[in-house]
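Residue numbers (our numbering): 1107 to 1467.
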């Protein structure tokens, strides 16, 4: 498979000269000089850093740091054992779902490639890990990187739908502002419309491609072939769910993923606060919505701000205690993903210094 040239804003890619031809190859580090310059000149990087700084300030401005440290020291750490087990189970189910979406990827390789991607997302901007894990799949399995990328798009839409539906469910049981309840209902409706629309587009993909080609032809400055290829890749991702059995596995694993995440949140909460499933659920929804905002790597700032707000505002939980819980909950998972990603690199045979070029199809 010929790997398309990545966008310059994705510094997780380097170019290696081979026989006079430039081939795109994935790497898990920045190019020593050029990559750093690209990042520093990209306005999205600075926007994310500013948003993270503001969110961290809003999260920590009313925290009693003495009480914060005391809350961490006196946490009931025994609850972190079932939390860790739930976390690993959730990752395993995620890998199973991704392998199912791709169809031919072995579970072990998929699990390690996924963790490598998450590790990159924790330490690099621009969510370059999503591209990185797809390229690892393309290099280490018979599945192409393009197919892996298409499946990641499907993953994102499935998770978005799951988060919004969770928001709708918890909004029915948690006393909250009427505007938030309406927002949950409207969001769920919009997700339903989106999924129906996606289904129609996939069903009539050839017809919609013709319409898209006609629209793009009116704008000569736009690279029509690039956008058409993105559309084909998008459709290909959903066409991977080509049987009732695979569709059922994808739905059940999506349910399992978010159940595991809910249990992780509940168990970590029990280490700091009297645990409640409704509070854990609303916090999980808020944190994931916050993580969608531009930010520093790992969603640092917005994740913690949204998660803490979901505990303090509707439930009147002590801000310092809530902040201690949220930071341990989020940063422990991020650290675990970094460690698991490094283990995955060792198991697959990658290094920070070099990664073999993607296999040709």
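For each residue, glycine too, the CB sits at the ideal point set by N, CA and C.
DSSP, reduced to helix, strand and coil, places residue 1339 within a helical segment of the structure shown. Straight-line spacing of the CA atoms in residue 1211 and residue 1356 works out to 15 angstroms. The shortest CA-to-CA distance from residue 1400 to any of 1199, 1233 and 1221 is the one to 1233.
Buried is the label assigned to residue 1227, since at least 16 other Cβ atoms lie within 10 Å of its Cβ. DSSP, reduced to helix, strand and coil, places residue 1210 outside both helices and strands of the structure shown, so it counts as coil. Its chain contains 1315, 1318, 1319 and 1322 as the residues whose beta carbon lies nearer than 8 angstroms to that of residue 1334, once the 5 sequence neighbours on both sides are disregarded; these appear in chain order.
Going by C-alpha positions, residue 1376 is about 12 angstroms away from residue 1432.
Using a Cβ distance threshold of 8 angstroms, residue 1359 and residue 1435 do not count as a contacting pair. By the 16-neighbour rule on beta-carbons within 10 angstroms, residue 1440 is buried. In the three-state scheme derived from DSSP, where H, G and I count as helix and E and B as strand, residue 1148 is classed as coil. DSSP, reduced to helix, strand and coil, places residue 1262 within a helical segment of the structure shown. For residue 1177, the closest alpha carbon among the candidates 1247, 1451 and 1379 is that of 1379. Counting every other CB atom within 10 Å of its CB across the protein chains shown gives residue 1224 a total of 16 or more, marking it as buried.
Taking the C-beta atoms as reference points, residue 1189 is found nearer than 8 angstroms to residue 1373.
Straight through space, the alpha carbons of residue 1457 and residue 1293 are spaced by roughly 42 angstroms. Within the same chain, Cβ atoms closer than 8 angstroms to the Cβ of residue 1403 are found at 1227, 1228, 1229, 1230 and 1231, the five residues on either side in sequence being excluded.
Of 1168, 1195 and 1349, the smallest CA-CA separation from residue 1366 is found for 1195. CA-CA distance, residue 1151 to residue 1238, rounds to 18 angstroms. Take residue 1240, set aside five residues on each side of it, and the residues of its chain with a beta-carbon closer than 7 angstroms to its own are 1251, 1254, 1255 and 1258, in chain order. Within 10 angstroms of the beta-carbon of residue 1247 lie 16 or more other beta-carbons, which makes it buried. For residue 1379, the three-state secondary structure derived from DSSP is coil. Sequence-distant Cβ neighbours of residue 1446 in its own chain, meaning closer than 6 angstroms and more than five residues away, are 1221. Assignment of residue 1181 by DSSP, reduced to helix, strand and coil, places it in the coil class. Selection 1392, 1393, 1369 and 1394 evaluated against residue 1382 yields 1369 as nearest (Cα-Cα). Here DSSP, grouped into helix, strand and coil, assigns residue 1310 to coil. When the Cα atoms are used, residue 1166 and residue 1201 turn out to be separated by approximately 35 angstroms.
Here the C-alpha atom of residue 1406 lies approximately 18 angstroms from the C-alpha atom of residue 1417. Residue range 1425 to 1454 is occupied by the alpha helix (DSSP H) that includes residue 1453.
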